[in-house]
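In my numbering, the protein residues as written are 552 to 920.
Glycine is no exception: its CB is placed at the ideal position from the N, C-alpha and C atoms.
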Amino acid sequence: MADRSAVFRWVPALVLGMYLALFPDGTAVAAAGDPPQAEIGPPAPSPPSTEPTPGAAPPKEEPTGIEKSIDETHTLLEQSILEQAIRLDNFFGEVKADSQRRTSYELRLRTSVRVDDGGNLRFGASLRANAVLSRISNRLRLAISGDSEPEPFAPSLPEDPGNPGFDRTSQTTRIVNTELRYGLLQTPTMDLFAGAGFRLVLPPEAFLRTRFQYTHRFSDVTLMRVAETLYTKNTDALGETTEFAIERSLNPKTLLRWASTGTVSYELEGLEWGSEISLMRELSPKSAITVTTGVYGNTTHDDVITNYRLATRYRRNFLRKWLFYEIEPEVSWPRRGDGEFHTAFACTFLLEIVFQGSATDPEGTPPHP
């Protein structure tokens, strides 16, 4: 009876999310969270906007002392991170005359708080950083990923197949991974890279992997992606993940995606799999929403399906171009030991700060002080 009353309390939030996704009143084209890896179809003229044009916009207010201090601190941190990336690139790079190389990076810091239907609050933080070390090689990337999230509420598709902790439908908590990736092949339809890295645990967990992705366009509005990741870890030998996705542009502002993955390895007793359908919609140049429903399971269980999930995620850029927040209410139906599915609810609030920078210097130029 308690589960049933909880359903009626949370259903309006999910219904509202679906309504906004299907009938928004904003403009622009994008998706909540990470954007699609490739655009579908030719660019279309934007519909008449109800927002004021740049020429008609009122003059910007002068930032206050606190706002100036925040902007200056953010800029200082961006420059400091870039200088460290340039030092690293220059130290390991080779000097070649008459050549220009670009060193760049992007770093995202996230903090989150999640409340579940039992009233429990759980806090977490994560970091994602990517640096292009082109002076060493135009094909080389340094990736650092870290998570200190609360126990996962519900499964989801692997974030980064082959990367320990990010390659499972049920993510591992408290992860710090460092990886060097080398691009072997990159064309409009094919992408292949090899990576080597380690997870900062005791004892350290080293891994090697290679990932190939093929993209095929059926039409201007529909495409398919197939990816294969082969990896090995010093803890559980070999493993592989197969990914499959179909994307269709419903209109210039709405994207529908069906994605599925399956992972087998010596670490798992069977095939761990998941499948999700997502509807993504831009509400305005600064906001977007995603509605996702998914099913997950493992072939080692007598009942192959172990969980269902329905979630709505709203993402918005606010106050500063480098500041974002997200709100994600979700409902999950995990299978209990008695074989029955019970209903669980949660809502996550997330704040994200983005740092990024790039610099192009002739090779041989000493690093910034």
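CA-to-CA, the gap between Asp-667 and Ile-687 works out to about 47 Å. Within the same chain, Arg-808, Thr-841 and Thr-843 come within 6 Å of Ser-829 by CB-CB distance, once the 5 residues on both sides are set aside. Here the alpha carbons of Lys-837 and Glu-618 stand approximately 20 Å from one another. The three-state secondary structure of Ile-617, taken from DSSP, is helix. In this structure the stretch 696-712 touches the stretch 724-734; the number of beta carbon pairs closer than 8 Å is three or more. Buried is the label assigned to Phe-896, since at least 16 other Cβ atoms lie within 10 Å of its Cβ.
In the same chain as Met-775, and ignoring 5 residues on each side of it, the C-beta atoms closer than 6 Å to its own belong to His-767 and Ile-797, in chain order. The Cβ atoms of Ser-835 and Ala-810 lie no closer than 9 Å to each other.
Take Leu-861, set aside five residues on each side of it, and the residues of its chain with a beta-carbon closer than 7 Å to its own are Leu-565, Thr-844, Glu-881 and Val-882, in chain order. Rounded to the nearest whole angstrom, the CA to CA distance from Gly-734 to Arg-692 is 8 Å. Between Ala-676 and Gly-748, the C-beta spacing is not below 9 Å. Beta bridge pairing from DSSP links Ala-897 with Asp-667 and Glu-881. Secondary structure within the stretch 769-826: the beta strand (DSSP E) runs of 3 or more consecutive residues, fully enclosed, are 773-784, 788-802 and 805-816 (chain order). Closest option to Pro-803, judged by alpha-carbon separation, among Glu-823, Ala-682 and Glu-833: Glu-833. A Cβ-Cβ distance of about 3 Å is found for the pair Ser-909 and Ser-655, placing them in contact under the 8 Å criterion. Cα atoms of Gly-716 and Leu-708: separation of roughly 12 Å, rounded to the nearest angstrom. When the Cα atoms are used, Gln-764 and Glu-791 turn out to be separated by approximately 14 Å. Annotation for Phe-704: no beta strand (DSSP E) segment contains it, and DSSP assigns it neither H nor E.
The DSSP-derived three-state label of Thr-738 is coil.
Beyond the five residues adjoining it in sequence on each side, Leu-902 comes within less than 6 Å, by CB distance, of Thr-662 and Tyr-876 in the same chain, given in chain order.
Residues of the same chain with a CB within less than 6 Å of the CB of Gly-821, apart from the 5 flanking positions on each side, are Asn-849, Thr-850 and Thr-851 in chain order. Sorting Asp-742, Asn-858, Pro-755 and Thr-626 by C-alpha distance to the C-alpha of Phe-704 places Asn-858 at the top. Ranking Gln-737, Glu-730, Pro-754 and Ala-757 by CA distance to the CA of Gly-746 puts Glu-730 first.
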